[in-house]
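J.:
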Amino acid sequence: MSGALAVIDSLQVRGMKCDWVCQTCGMERESINHVLFSCTLARQVWASSGFPHPLGGFDENSVFANVSYLFKTWRTKEDVRWITRSFPWTFWFLWKNRNSLLFEGFLFDGDQICAKAAEEANLWFLAQEMACERSEESDQGSSLRNQVYIALPREFVKCNIGMRWSRKKREVGAAWVLKDTRGMTLLHSRRSFTGVWSKEEAYFLSLLWAVESMISHKCQRVYFALEWRMLANAINRPHAWPSFKFKVAEIRCLLGELLAWRVVFESSDHSRDARLIANSVMTGDRFQSYVARGSPRWLLNSFL
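Add 977 to the 1-based position in the sequence shown for the numbering used here, that's all there is to it.
1. Just how far apart, CA to CA, sit residue 1227 and residue 1052?
2. Does the region 1194-1204 come within contact of the region 1025-1036, defined as at least 3 CB pairs closer than 8 Å?
3. Do the CB positions of residue 1209 and residue 1137 come within less than 8 Å of each other?
4. So, is residue 1047 buried or exposed, given that buried needs 16 or more other C-beta atoms within 10 angstroms?
5. Applying the 10 Å Cβ sphere with the 16-neighbour rule, what's the burial state of residue 1161?
6. Do the CB positions of residue 1211 and residue 1182 come within less than 8 Å of each other?
7. Measuring CB to CB, does residue 1012 end up less than 8 Å from residue 1071?
8. Just verifying my parser: in three-state terms, what is the DSSP assignment at residue 925?
9. Does the separation of the CB atoms of residue 1061 and residue 1022 fall below 8 Å?
10. Identify, in the order they occur along the chain, each residue of the same chain with its Cβ nearer than 6 Å to the Cβ of residue 1149, setting aside the five sequence neighbours on each side.
11. Any idea what DSSP makes of residue 1218, helix, strand or coil?
12. Near residue 1095, which residues of its chain fall below 6 Å by C-beta distance, leaving aside the five closest residues on each side in sequence?
13. Alpha carbon to alpha carbon, how far is residue 1154 from residue 1207? Give it in angstroms, no decimals.
14. Return helix, strand or coil for residue 1139, following the three-state DSSP convention.
15. For residue 1084, I'd like the list of residues in its chain whose CB is within less than 8 Å of its CB, leaving aside the five on either flank, ordered along the chain.
16. Of the choices 1258, 1185, 1268, 1045, whose alpha-carbon is the least far from that of residue 1323?
17. Roughly how many angstroms lie between the CA atoms of residue 1271 and residue 1248, to the nearest whole one?
18. For residue 1059, I'd like the list of residues in its chain whose CB is within less than 7 Å of its CB, leaving aside the five on either flank, ordered along the chain.
19. Less than 8 Å between the beta carbons of residue 1204 and residue 1243, yes or no?
20. Tell me the DSSP bridge mates of residue 953?
21. Please work out which residues of its chain come closer than 6 Å, Cβ to Cβ, to residue 1093, disregarding the five sequence neighbours upstream and downstream, and give them in chain order.
22. DSSP on residue 1102, reduced to helix/strand/coil?
23. Within 10 angstroms of its Cβ, does residue 1214 collect 16 or more other Cβ (buried), or is it exposed?
24. Below 7 Å CB to CB, which residues in the same chain sit around residue 1251 once its five sequence neighbours on both sides are set aside?
25. Please identify the residue among 1144, 1135, 1237 whose C-alpha is closest to the C-alpha of residue 1164.
26. Using the Cβ count rule (16 or more neighbours within 10 Å means buried), how would you classify residue 1145?
27. Quick one, which of 1042, 1264, 1041 has its alpha-carbon nearest residue 1167's?
28. What are the start and end residues of the beta strand (DSSP E) that includes residue 1170?
29. Among 1038, 1003, 1104, 1081, which residue has its Cα nearest to the Cα of residue 1014?
30. Taking the C-alpha atoms as reference points, what is the distance between residue 1009 and residue 1040?
31. Which whole-angstrom value is the C-beta distance of residue 1005 and residue 1224, which I expect to be below 8 Å?
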């Protein structure tokens, strides 16, 4: 954006004699906008990346207009956030690929660039999530170890939600376990999701499904217990978590169909039963969805 990339146009402006031709596609003149958006290879990369394409294509001359479009799409299209969030890495690998051709004579194709950008983006976001979880665990200290079963008000039930996500397979195992005020298991359920590209999305889908299930089973006063503190905080204080705005709005709209609800965080030790059922999708290939009364026979030792 500041014009600091050493493309041919920038070098010419600084008095260096260079060949005007883009070494990648053979077109005359090589600007920053050309390398990142207009070059034949760049067009292929953006098409393969799955990023929503602007009507009429990217601007041929204005890098500012194109970058503005990327940011706007990233902010507003929550349903494809797992795709749009990787565009900075797409920039980086387009630039690295251009330099690789000039200095090493080697060029990756569009699909390879997309794969590398997506992989690096996912690794970075995973690292941030792990760092956040470690920080939360550190802040809690011994209080998590001493956490007790949440006492429910009368007429309430508690829905523990478990989730297991496979980054390699992009599959999710989700489960919920419904208990009464005494902690006795009333119902439990399991299902799977496919094509889920982030752990964040897996948690959202699991909670959304659990809320829909409670509505369909006529449970009107429910405590939802999650293993991910960040999501619980985002639902309870949406204005403090603007990055979750659209997903949280969708969940809160559904929660509004209940007479009373509360979303709370509980450590995995206190939702072990739901977590074990969710794990069975991944470890035992139990992809069939079901709802059943009481506790599953194969996990009786984990249930009350």
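Where a beta carbon is used, it is the ideal one built from N, C-alpha and C, also for glycine.
Small disclaimer: the values here were computed from a predicted structure and weren't measured.
T.: Looking at the coordinates:
1. Mapped onto the sequence shown, residue 1227 falls at position 250. Mapped onto the sequence shown, residue 1052 falls at position 75. So the alpha carbons of these two residues sit roughly 16 Å apart.
2. no
3. Counting from 1 along the sequence shown, the entry for residue 1209 is found at position 232. Counting from 1 along the sequence shown, the entry for residue 1137 is found at position 160. No.
4. The residue you call residue 1047 lines up with position 70 of the sequence shown. Under this definition residue 1047 is a buried residue.
5. The sequence position of residue 1161 within the sequence shown is 184, counting from 1. Exposed, by the Cβ-count rule.
6. Translated into the one-based positions of the sequence shown, residue 1211 becomes position 234. Translated into the one-based positions of the sequence shown, residue 1182 becomes position 205. No; because the gap between Cβ atoms is not below 8 Å, this pair is not in contact.
7. As a position in the sequence shown, residue 1012 is number 35, starting the count at 1. As a position in the sequence shown, residue 1071 is number 94, starting the count at 1. Their beta carbons are under 8 Å apart, which means residue 1012 touches residue 1071 by this criterion.
8. The structure shown does not extend to residue 925, since the chain is modelled only from 978 through 1281, so no value can be given for it.
9. The count along the sequence shown starts at 1 and reaches residue 1061 at position 84. The count along the sequence shown starts at 1 and reaches residue 1022 at position 45. No, the pair does not count as a contact, with Cβ atoms beyond the cut-off.
10. Position 172 of the sequence shown holds residue 1149. Correct list, in chain order: 1142, 1170, 1173, 1179.
11. In the sequence shown, residue 1218 corresponds to position 241, counting from 1. Note: residue 1218 maps to coil in three-state DSSP.
12. Numbered from 1 along the sequence shown, position 118 holds the residue referred to as residue 1095. Contacts found: 1063.
13. Stepping through the sequence shown from its first residue, residue 1207 is reached at position 230. Stepping through the sequence shown from its first residue, residue 1154 is reached at position 177. In a straight line, the C-alpha of residue 1207 is about 21 Å away from that of residue 1154.
14. The count along the sequence shown starts at 1 and reaches residue 1139 at position 162. Looking at residue 1139 - three-state DSSP - the assignment turns out to be strand.
15. Your numbering for residue 1084 matches position 107 in the sequence shown. Correct list, in chain order: 1001, 1018, 1074, 1077, 1078.
16. With the chain covering only 978 through 1281, there is no way to say anything about residue 1323.
17. Counted from its first residue, the sequence shown places residue 1271 at position 294. Counted from its first residue, the sequence shown places residue 1248 at position 271. Each residue's Cα considered, the two are about 16 Å apart.
18. Translated into the one-based positions of the sequence shown, residue 1059 becomes position 82. The answer, listed in chain order, is 1174, 1175, 1178.
19. Working through the sequence shown from its first residue, we reach residue 1204 at position 227. Working through the sequence shown from its first residue, we reach residue 1243 at position 266. Contact: yes.
20. This structure leaves residue 953 out entirely; the chain is present only between 978 and 1281.
21. For this step, residue 1093 is matched to residue 116 along the sequence shown. Only 1070 meet the Cβ criterion.
22. The residue you call residue 1102 lines up with position 125 of the sequence shown. Helix.
23. As a first step, residue 1214 is located in the sequence shown; it is residue number 237 there, counting from the start. Classification of residue 1214: exposed, given that the 10 Å Cβ count is below 16.
24. Locating residue 1251 in the sequence shown gives position 274, where the first residue counts as 1. So the qualifying residues of the chain are 1137, 1138, 1139, 1152, 1153, 1154.
25. Walking along the sequence shown from the start, residue 1164 turns up at place 187. Residue 1164 has its Cα closest to that of 1135, out of 1144, 1135, 1237.
26. Numbered from 1 along the sequence shown, position 168 holds the residue referred to as residue 1145. When all chains shown are included, residue 1145 counts as exposed.
27. Translated into positions along the sequence shown, residue 1167 becomes position 190. Closest by alpha carbon: 1264.
28. On the sequence shown, residue 1170 is found 193 positions in, with the first residue counted as 1. Taken as a continuous stretch (DSSP letters only), the beta strand (DSSP E) holding residue 1170 covers 1162-1171.
29. Your numbering for residue 1014 matches position 37 in the sequence shown. Closest option to residue 1014, Cα to Cα, is 1038.
30. The residue you call residue 1009 lines up with position 32 of the sequence shown. The residue you call residue 1040 lines up with position 63 of the sequence shown. Computed Cα separation, rounded: 7 Å.
31. In the sequence shown, residue 1005 corresponds to position 28, counting from 1. In the sequence shown, residue 1224 corresponds to position 247, counting from 1. Actually they are not in contact, since the Cβ atoms of residue 1005 and residue 1224 sit about 46 Å apart, beyond 8 Å.
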